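Written below as structure tokens is the structure these notes are about.
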Amino acid sequence: SQKIEQNSEALNIQEGKTATLTCNYTNYSPAYLQWYRQDPGRGPVFLLLIRENEKEKRKERLKVTFDTTLKQSLFHITASQPADSATYLCALAPRAGGGNKLTFGTGTQLKVEL
Amino acid sequence: EPEVTQTPSHQVTQMGQEVILRCVPISNHLYFYWYRQILGQKVEFLVSFYNNEISEKSEIFDDQFSVERPDGSNFTLKIRSTKLEDSAMYFCASSLGTSGTGELFFGEGSRLTVL
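Going down the list, the protein sequences come from chains A and B.
The letter at position 56 of the first sequence is residue 56 when you use our numbering, and the numbering goes up by one with no holes.
The letter at position 72 of the second sequence is residue 72 when you use our numbering, and the numbering goes up by one with no holes.
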């Protein structure tokens, strides 16, 4: 069955450092991979989308990589700030004709300390 | 900025009762979804809706669940006879295109507590 794994332990880093979060998947060939941010008690908020034929995508302080051979995506936040503290979810989307649902990972909680 | 709105924000109900959760998706979006998140667990897909019909549903979305877009703006999730295990946060989402091609816009959720 499909499985998406994210670091289950919370990640604590110091302000200004780069946070790197990992998303690994098995038994899946996604066409797209998305990253969302979720704050406690709130709905997920879209951050970035990367396609299977893209290796890297950037948006401001965020960078996502996608390695379909390793079946892994890395999500980087550079120059992290306390306001970046949240849970970050990766989500996989199927190919065209393969349905329209996003399959989410369990998320990694990031805490940026002063 | 347009947003997805959900009501109620919190509903407490007795087991066996019917519940309707309401959502107003972003007006020009074409695809609508319900996801749920049990406390401490991952966000799980329930159903997607396009062109006035269900396009996909998960195993969770059994006969006790139904969705409707009654008036062209609202999108509702009905649970006919709630069970304790239905207690969760229910998120409505909408998108302009299919979920793989672009972002999903999520509402703030409706917390359902079944006693």
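We put the CB at the ideal spot given by N, CA and C, even for glycine.
Quantities reported herein were computed from a predicted structural model and do not represent experimental measurements.
If we cut at 8 Å on Cβ distances, does residue i have a partner in chain A?
i	result
Gly72(B)	no
Val67(B)	no
Ser94(B)	no
Tyr90(B)	no
Glu1(B)	no
Ser53(B)	The residue asked about is misnamed: residue 53(B) is Glu in this sequence, not Ser. Output row for Glu53(B): interface = no.
Val24(B)	no
Ser48(B)	yes
What three-state label does DSSP hand residue i in the structure shown?
i	result
Ala10(A)	coil
Lys59(A)	strand
Ser80(A)	coil
Lys3(A)	strand
For residue i, decide whether its Cβ has a neighbour in chain B, counting only Cβ atoms nearer than 8 Å.
i	result
Lys101(A)	yes
Leu110(A)	no
Arg58(A)	no
Phe104(A)	yes
Measure the C-alpha to C-alpha separation of residue i and residue j and round it to an integer number of angstroms.
i	j	result
Thr106(A)	Val43(B)	7 Å
Ala83(A)	Cys90(A)	19 Å
Phe45(B)	Cys23(B)	16 Å
Arg37(A)	Ser110(B)	18 Å
Gln109(A)	Ser95(B)	26 Å
Given 8 Å, three or more beta-carbon pairs between the stretch 49 to 67 of chain B and the stretch 25 to 32 of chain B: Contact holds: three or more Cβ-Cβ distances are below 8 Å.
At least three beta-carbon pairs within less than 8 Å, the stretch 13 to 25 of chain B to the stretch 83 to 98 of chain B: Taking 8 Å as the limit for Cβ pairs, the verdict is that the stretch 83 to 98 of chain B does touch the stretch 13 to 25 of chain B.
Cβ contact check for the stretch 54 to 62 of chain A and the stretch 2 to 10 of chain B: 3 or more pairs under 8 Å: Verdict: no, contact absent.
Uninterrupted alpha helix (DSSP H) stretches inside the stretch 54 to 105 of chain B (no shorter than 4 residues): Listed in chain order, there is nothing to give.
Inter-stretch contact at 8 Å, needing at least 3 Cβ pairs: the stretch 31 to 38 of chain A / the stretch 2 to 15 of chain A: No, the stretch 31 to 38 of chain A is not in contact with the stretch 2 to 15 of chain A.
Ranges of the alpha helix (DSSP H) found wholly within the stretch 82 to 109 of chain A, counting only runs of at least 4: The alpha helix (DSSP H) runs lying completely inside the stretch 82 to 109 of chain A and spanning 4 residues or more number zero.
Beta strand (DSSP E) runs wholly inside the stretch 10 to 47 of chain A, at least 3 long, in chain order: You should have 11 to 14, 19 to 26, 32 to 38.
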